[in-house]
Amino acid sequence: MAKRIAPGSHVFFSQEMAEEVQERLRLSNALQQALKNEELTLYFQPQLRVSDAQLLGVEVLLRWHPPGGSPIPPGHFIPVAEETSLICDIGDWVLQQSCRRIQQWPAGQALPGRVSVNISARHFHSPDFVARLSALLQQYPACRNRLTLEVTEGVILENLQESRTRMSQIKALGVYLSIDDFGTGYSSFAYLRELPVDELKLDRSFIQHIDTRPQDKAIIACLLELAVILKLAVVAEGVETEQQLASLSELNCLAYQGYLAARPMPEPQLMAWLAQQG
Ligand code: C2E
Ligand code: MG
Ligand code: MG
Ligand code: MG
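Residue numbers (the UniProt record's numbering): 708 to 985.
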């Protein structure tokens, strides 16, 4: 009897996997259409100075609103896009739209300092990434020294040698580089020495427990000291409470973003938010 169940459950498992593959394929196709049909939009989340809440920049976060459906979060569709070169098309689109926004920012409106864009590994390592970025900056010259690319440690460590070359080329274009979700990888920090990185983003998972787990606070304190030694800017991610902000201030963290200050929002709302800040 048991022998008969085992093969049966094996078949069932395979079928589940096949359905999973089907679902991802469906999502991937839908996403491809979404890109064409302008169902993707940019949201912006402010980044503020800890000491006086001055606006330092915004992070661009992608949103997908299928017509008639509920919004699909990037945590769901970005990994699917990352399985194919679709992520390069999406990434190019996000970069292009972001640069267009910077270039066309209405005169007289408070302009956020830097605009940070998330870049996936496959996109970052695509052969003509730097050439395309360079062309984009020629098309939108106002973006020089205004754009930051956020990459994760995994992106860099995939190929350290190539990453170093690429990062230097990107820096030469007047584009800044930030390490996203810093502290969550498995790597040593030694690679930071060798790379032209400008900024670290401390992952939300540390900030979340800054006031309840002394170990997490100690790790944040260490990472902040490391940043000082390496002359890197720091942004704390996912700050939700006044207490977390106070703790970051106590540790001399320079900048933060999080729901406490503002959620990611569409452009009209960002404009209203900026106007309100004065
Ligand atoms: P990320 O780059 O680490 O972005 C930060 C995420 O934390 C965002 O989630 C943001 O909405 C969320 N967040 C910000 N403040 C808080 C807070 O106080 N509390 C909580 N709970 N969350 C907060 P989101 O927008 O869902 O994006 C998730 C991830 O998807 C991003 O993580 C990034 O890895 C990826 N992503 C988003 N947009 C893009 C894009 O245009 N290109 C690529 N390649 N990846 C993107
Ligand atoms: Mg990010
Ligand atoms: Mg992050
Ligand atoms: Mg994150």
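Glycine included, C-beta positions come from ideal geometry on N, C-alpha and C.
Computed from a predicted model, the values in this text were never measured in an experiment.
Collapsing the DSSP output to three states places F896 in coil. In the three-state reduction of the DSSP assignment, T791 falls in the coil class, being assigned neither a helical nor a strand state. By the criterion of at least three beta-carbon pairs nearer than 8 Å, the segment 900 to 916 is in contact with the segment 883 to 890.
For D923, DSSP records no beta bridge to any residue. Non-local beta-carbon contacts of L867 in its own chain, meaning distances under 7 Å to residues more than five positions away in sequence, involve Y898 in chain order. Between P971 and L768, the C-beta gap is smaller than 9 Å, which places the two residues in contact.
Non-local beta-carbon contacts of Q964 in its own chain, meaning distances under 8 Å to residues more than five positions away in sequence, involve Q752, P753, Q754, L755, E766, V942, A943, E944, G945 and V946 in chain order. Nearest to E790 by C-alpha distance, out of V822, R821, S805 and R829, is R829. Straight-line measurement puts the Cα of T748 at about 19 Å from the Cα of R821. For the pair L955 and I917, the CB atoms are nearer than the 9 Å cut-off. In this structure, I794 and S827 form a Cβ contact; the two beta carbons are roughly 5 Å apart against a cut-off of 8 Å. The beta carbons of E906 and T859 sit no closer together than 9 Å. Around ligand 3, the residues selected by a Cβ distance under 6 Å to any of its heavy atoms are D887, D888, K908 and E944, following chain order. Placement of the Cβ of S827 at a distance of less than 8 Å from at least one heavy atom of ligand 1 is found. Under the three-state reduction of DSSP, T859 is assigned to strand. For the 9 Å CB-CB criterion, F831 and S870 form a contact. Distance from the CA atom of A788 to the CA atom of A737, rounded to whole angstroms, is 11 Å.
Under the three-state reduction of DSSP, R756 is assigned to strand.
Annotation: the continuous alpha helix (DSSP H) that includes V837 extends over F836 to Q846. Here the alpha carbon of L961 sits roughly 43 Å from the alpha carbon of R733.
Contact between I785 and L742 is ruled out by a C-beta separation of about 13 Å, above the 8 Å threshold. Rounded to whole angstroms, the separation of the alpha carbons of A940 and A934 is 7 Å.
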